[in-house]
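Trainee:
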Amino acid sequence: SAKNNGKNRCMMFDEQMTSAFHERFKIEKILREALEYQRFRLLYQPVIDAQTGAIAYFEALIRIQDSSLSPAVFIQVAEESGLIIPIGRWVIQEAICQQRKWIDANYPVKGIAINISGNQFYDENLVAYIANSLDEQKVDPALIEIEITESVLIDNKEKAINIMKKLKEMRIRIALDDFGTGFSSLNYLTFMPVDKIKLDKSLKDKFIRMESIQVMEGIVSVAHGLGLMVVAEGVEEEVEANRLKRVKCDYLQGYLYSRPLRSNDVERLLKIQTNLFGFTERVL
Ligand code: C2E
Ligand code: MG
Ligand code: MG
Ligand code: MG
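Counting in the numbering used here, the sequence shown runs from 394 upward without gaps.
Structure follows, in structure tokens:
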């Protein structure tokens, strides 16, 4: 009957809520244990200079050891539970230590990009924490790039601009991640002190697939007009890469070139690039 159906729907909804709650709770537990038992890892995905085909720098991407849990899922839970602060600190520390190791090994690495999510960005100790980590490891701040999404900036424009200015005073670069998924007002770029935009995979897929290449060309040219560099994310096919080069994207990143790599694989790659080909030659 209709009444029964309604009741069933209610129960199903209830069960879904309960299971979502359990799921969240389970993930939170995994995160706490990963912190305690040091199970977080960073992978590094090369970002390619579109002109030369050489590796320009790496983006650090977090994983949990022996777990297939996606950061897209657990970073959200970390944000909601406050765990993003200790996790984010671990990421900053680990990435800067890795950069120090690359410098010590004489790899001509131009830097690391670190993802920073909302509550982490607005943490009043963030800038000092980064500054301290760089100081301790004696790493040049100019080797570090921070990736934030525009949704983070829209939350509190004034405060965001203040934090960004502090980072810029230290000579840390700022990239706007996932560009094209949120508000994407090009106008924002005129008063946000960003250095770079990262065109989201979804945007690129839409425009490239529809062959509306002029739209891409337009975005890139506005960005360039504002003095910003442009990265295309999620490049999977050669034909895409060629079009993105044609519309003058500065950097390309995606499975076509490399998946995110463990640090020992990065070292192998950099050795090949340095020893065999010279740093400006394409190896990927
Ligand atoms: P993001 O910063 O936009 O990173 C790009 C995502 O696309 C990464 O997923 C990367 O592995 C994936 N990707 C790269 N190339 C390709 C490609 O050619 N095709 C496809 N389909 N995907 C590609 P991942 O590593 O799962 O990370 C997902 C998101 O989680 C990141 O998106 C970022 O928002 C967040 N995240 C990752 N690591 C961290 C971190 O250390 N801290 C914070 N706060 N967030 C992080
Ligand atoms: Mg990113
Ligand atoms: Mg992105
Ligand atoms: Mg993303």
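We treat Cβ as the ideally placed atom computed from N, Cα and C, and that holds for glycine.
#1: Have a look at residue 613 and residue 441 and give me their C-alpha separation to the nearest angstrom.
#2: Counting C-beta neighbours from all protein chains within 10 Å, is the total for residue 510 16 or more, i.e. buried, or is it exposed?
#3: Specify the secondary structure class of residue 591 as computed by DSSP and reduced to three states.
#4: Under three-state DSSP, which class holds residue 464?
#5: Return yes when the C-beta of residue 570 is under 7 Å from any heavy atom of ligand 2, and no when it is not.
#6: Look at the alpha carbon of residue 413 and the alpha carbon of residue 493, and state the distance between them as a whole number of angstroms.
#7: Look at the alpha carbon of residue 417 and the alpha carbon of residue 469, and state the distance between them as a whole number of angstroms.
#8: Please list, in chain order, all residues of the same chain as residue 564 whose beta carbon is under 7 Å from its beta carbon, the five residues on each side excluded.
#9: According to DSSP, is residue 438 part of a helix, a strand, or is it coil?
#10: Helix, strand or coil: how does DSSP classify residue 652 here?
#11: What is the DSSP secondary structure of residue 423, counted as helix, strand or coil?
#12: Just grab the DSSP bridge partners of residue 663 for me.
#13: Is the stretch 480 to 498 in contact with the stretch 540 to 555, if contact means three or more CB pairs nearer than 8 Å?
#14: What residue range does the alpha helix (DSSP H) around residue 581 cover?
#15: Give the DSSP-derived three-state secondary structure of residue 540 in the structure shown.
#16: Let's test the definition: count the other Cβ atoms within 10 Å of the Cβ of residue 498 and tell me whether it reaches 16, buried, or not, exposed.
#17: Within a Cβ cutoff of 8 Å, which residues of the same chain sit near residue 396, ignoring the five residues on either side of it in sequence?
Mentor: In short, the structure shows the following:
#1: The alpha-carbon of residue 613 is positioned some 17 Å away from that of residue 441.
#2: By the neighbour-count rule (16 or more Cβ atoms within 10 Å), residue 510 is buried.
#3: DSSP places residue 591 in strand when its eight states are reduced to three.
#4: In the structure shown, residue 464 sits in a helix (DSSP, three-state: H, G or I).
#5: Within the cutoff, so yes.
#6: Between residue 413 and residue 493, the C-alpha separation is close to 41 Å.
#7: Residue 417 and residue 469 have their C-alpha atoms roughly 10 Å apart.
#8: Apart from the 5 residues on each side of it in sequence, residue 564 sits with its Cβ closer than 7 Å to the Cβ of 534, 535 in its chain, given in chain order.
#9: For residue 438, the secondary structure class from DSSP, reduced to helix, strand or coil, is strand.
#10: In this structure, residue 652 counts as coil in the three-state DSSP scheme.
#11: DSSP places residue 423 in helix when its eight states are reduced to three.
#12: Answer is none; residue 663 lacks a bridge partner.
#13: The count of Cβ pairs closer than 8 Å, one atom from the stretch 480 to 498 and one from the stretch 540 to 555, stays below three, leaving the stretches out of contact.
#14: Bounds of the alpha helix (DSSP H) holding residue 581 are 581 to 584.
#15: When secondary structure is reduced to three states using DSSP, residue 540 falls in the strand class.
#16: Burial call: exposed.
#17: For residue 396, the predicted structure reports a pLDDT of 48, less than 50, and the residue's modelled location is therefore unreliable. The matter cannot be settled from this model.
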